[in-house]
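Student:
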Amino acid sequence: MTQTALVVGASGIVGSAITQLLIDNQWQVAALSRHPSQAQGVIPVAADLQDLASLQQALADLKPAHVFITTWSRQATEAENIRVNAAMVRNVLTAIRPAKSVQHVALVTGLKHYLGPFEAYGKGSLPQTPFREEQGRLDVENFYYAQEDELFAAAEKDGFTWSVHRPHTVTGIAVGNAMNMATTLAVYASICKQTHRPFVFPGSRVQWDSLTDMTDARQLAKQQLWAATTPAAANQAFNVTNGDVFRWKWMWGRIADYFDLPAADYPASLSPLEKQMADDQAIWTQIVTEHGLKEPDIGRLISPWHTDADLGRPIEVVTDMSKSRTLGFTAYQASDQAFFDVFDKLRQMRLIP
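What follows is the structure, given as structure tokens:
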């Protein structure tokens, strides 16, 4: 029997990956976003997640058995993040309630569950690494917690099972995405090559020297699908990473080699990308013109603020995956190859030279 799914935020890095995986597994998929693409094999659904009436109208004829919530909206303060993002989850679950069809809802959050919100990112008293799912919530306001609470309340009311997925930094492709490290680094490397600027690591010495991990969007998609179809995984939260660990001083050299660049030594002072790339639109315009690329607006490709936040942490970040491994999730992805796959795809799409 054909499985039916609603993917919320289907045009993003995470949403597009789970949409593709579901299609590959012969699921019927409704792909919801503000401006859904007309991709083959999906039902496009256009709606504003902050507008309940819009959602109710858009979802009125759908009867999904599974819902994958993969999006969020960045706001100026954590209080606003909580208000807006909790409402988006609540609105989706309210809008699909009349169909009485939902069996499972998967919610994607992330390691800010352990690290705290952007306003207090990596500061104060933090749990020991590697982060484990049984570690409790921090004593701070956090929109991830608010999203979870909306999910838990709806699950109790409507009788569906749930899973929460906590990736580390996600690699994948989505133009216009607010958190897009792989594409940001690809554009940065392309600019360094064009201008002969040194390819300088923008993060902290701790991140340069310490162990870390990452999450390929395809790996995250596999875990979401596994949790949605594995009874033992019901009503649980799971960390999800690629399964390997690395140090950025090694990964920086791997990325430099891909772009045929020398990797600069660690700089004498912190060199955040938001500062390094502040005036790079003109250079990017020149690169686009010379190479016939498709996206002239550098702002739709890069998210320096997010890359700086991840690479600038003053603590080691390593994530434990024993919980899902013990229950049978065994997928693995090499993190350097995850970067290379994104870079290859960006070139294929003529988004980088």
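With full-length UniProt numbering, the residue at position 5 of the sequence shown is 5, and numbering never jumps.
Every residue gets a Cβ at the ideal spot worked out from N, C-alpha and C, and that includes glycine.
Determine contact between the segment 72-84 and the segment 125-137, defined as no fewer than three beta-carbon pairs at a distance below 8 Å.
Tutor: no
Student: Output yes or no for whether 7 Å exceeds the beta carbon distance between LEU220 and VAL240.
Tutor: yes
Student: If we ignore side chains and look at the alpha-carbon of each, how far apart do VAL7 and ALA30 end up?
Tutor: So the alpha carbons of these two residues sit roughly 6 Å apart.
Student: Give the straight-line distance between the Cα atoms of ASN81 and PHE143, rounded to the nearest whole angstrom.
Tutor: 6 Å
Student: Do LYS193 and ALA331 have their CB atoms nearer than 7 Å?
Tutor: no
Student: If you draw a straight line from the C-alpha of GLN224 to the C-alpha of THR285, how long is it?
Tutor: 38 Å
Student: I'd like to check one pair, GLU316 with HIS169: are the Cβ atoms closer than 7 Å?
Tutor: In the sequence on display, residue 169 carries Thr and not His. No; because the gap between Cβ atoms is not below 7 Å, this pair is not in contact.
Student: Is it buried or exposed, PRO36, if we count other Cβ atoms within 10 angstroms and call 16 or more buried?
Tutor: buried
Student: Helix, strand or coil, according to DSSP, for LYS236 in the structure here?
Tutor: Here residue 236 turns out to be Gln, not Lys, going by the sequence shown. Here GLN236 sits in strand by DSSP.
Student: Three-state secondary structure (DSSP) at THR319?
Tutor: strand
Student: Would you identify the three-state DSSP class for THR161, choosing helix, strand or coil?
Tutor: strand
Student: Across the segment 87-94 and the segment 48-60, are there enough close Cβ pairs to call them in contact, namely three or more that are closer than 8 Å?
Tutor: Verdict: yes, contact present.
Student: Is the beta carbon of ASP63 less than 7 Å from the beta carbon of SER101?
Tutor: Contrary to the premise, residue 63 reads as Lys rather than Asp in this sequence. Taking 7 Å as the Cβ cut-off, LYS63 and SER101 qualify as a contacting pair.
Student: With which residues is VAL42 paired in a DSSP beta bridge?
Tutor: VAL29
Student: Measuring CA to CA, which of SER204, ARG350 and ALA120 is closest to LEU270?
Tutor: SER204
Student: I'd like the span of the beta strand (DSSP E) that includes VAL67, first residue to last.
Tutor: 66-69
Student: Taking C-alpha atoms, which residue in GLN38, THR94, TRP27 and ILE69 lies nearest to ALA60?
Tutor: THR94
Student: Can you give me the Cβ contacts of TRP252 inside the same chain, cut-off strictly under 6 Å, excluding the 5 residues immediately before and after it?
Tutor: PHE201 and ALA263
Student: So the beta strand (DSSP E) HIS104 belongs to, where does it begin and stop?
Tutor: 104-108
Student: Whole angstroms is fine: what's the gap from SER190's alpha carbon to MET349's?
Tutor: 15 Å
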